Amino acid sequence: MVRLDEKEISFPDPELYDGHEGVIAFGGDLSVERLWFAYQLGIFPWYNPGEEILWWCPDPRFVLDPKELKISNSMRKILNRNIFTFTENQNFREVIKNCQEISRRGQTGTWLSNELMESFIQLHEYGLAKSIEVWQNNELVGGFYGLQIGDVFCGESMFAKVSNASKAGFIHFVETHKDSIELIDCQSHTEHLESLGAKMIPKKEFLKILHKNNERR
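In the numbering used here, the protein residues as written are 56 to 272.
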């Protein structure tokens, strides 16, 4: 792995450097500038607070093509009942705060540190990060957030306080933006997203799509 210089915003080229189990660098900082540069390269931070920052670009990459979204019959019935309403960018701070605080099965803590959370809030204020909120009876019951890079949406984290809330929000987002988003980066495998159609593709293929989008911007 490559140790990053805190004074210089740079990364090893993920197309040329495989790293160790997807980790290509460590160290550096969580400044807005470094985060934005990293995501444009297909790199994201994932680490335990209090430890070295680890920067990842796994191969293969877990992604979803919006045109391949799968919706089960049971989920479609839930959506048709209109028990949830959806908004975008109406409460980014509360969405990311819930993502940090929500209790997750098999986890005793969170990778989403206060420093990282504040940097994402700044990215949102710059119009680079967005949130999707899920409401039930005027209460925020689910949502997720991520970064938009051209036609690629890099999903970061989601939360749900009631059953199916985050899944409904994700489906709504994909269906709403399927004509404007080419790919959703899910980063690492989860059964939850696999059930919705996400799949593994080679890192090289993912980076090709991401770089093509960067060139259009």
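Think of the CB as a built atom: it goes at the ideal place given N, C-alpha and C, for glycine as much as any other residue.
For clarity, every value in this text was computed on a predicted model and none was experimentally measured.
Assignment of C154 by DSSP, reduced to helix, strand and coil, places it in the helix class. Taking the CA atoms as reference points, I151 sits about 16 Å from P104. Taking the C-beta atoms as reference points, V87 is found nearer than 9 Å to S174. Comparing alpha carbon positions, the residue from G82, Y94 and Y200 closest to M56 is G82. In the three-state DSSP reduction, Q145 falls in the coil class, being neither helix nor strand.
DSSP places S218 in the coil class of the three-state scheme, outside both helix and strand.
In this structure, L183 is the residue among E63, L183, L251 and E188 with its C-alpha nearest to the C-alpha of I204. Restricting attention to H232, Y94 and S243, the CA atom closest to the CA of A253 is found in S243. Put simply, the backbone Cα of I126 is about 12 Å away from that of G224.
Taken through DSSP and simplified to helix, strand or coil, H75 comes out as strand. The three-state reading of DSSP puts W101 in coil, since its state is none of H, G, I, E or B. In the three-state scheme derived from DSSP, where H, G and I count as helix and E and B as strand, M172 is classed as helix. Between E70 and the set W111, E63, C241 and I64, the nearest pair of CA atoms involves W111.
The beta carbons of L119 and L238 sit closer together than 9 Å. Contact check for C154 against Y200 passes: the beta carbons are separated by less than 9 Å. According to DSSP, D240 shares a beta bridge with V118 and C209. If you compare the alpha carbons of L59, I226, D234 and T231 with that of E249, the shortest gap goes to I226. The shortest CA-to-CA distance from F141 to any of L195, K259 and K216 is the one to L195.
Take the alpha-carbon of K259 and the one of H266: they are about 10 Å apart. In this structure H75 is exposed. Its beta-carbon is surrounded by fewer than 16 other beta-carbon atoms within 10 angstroms.
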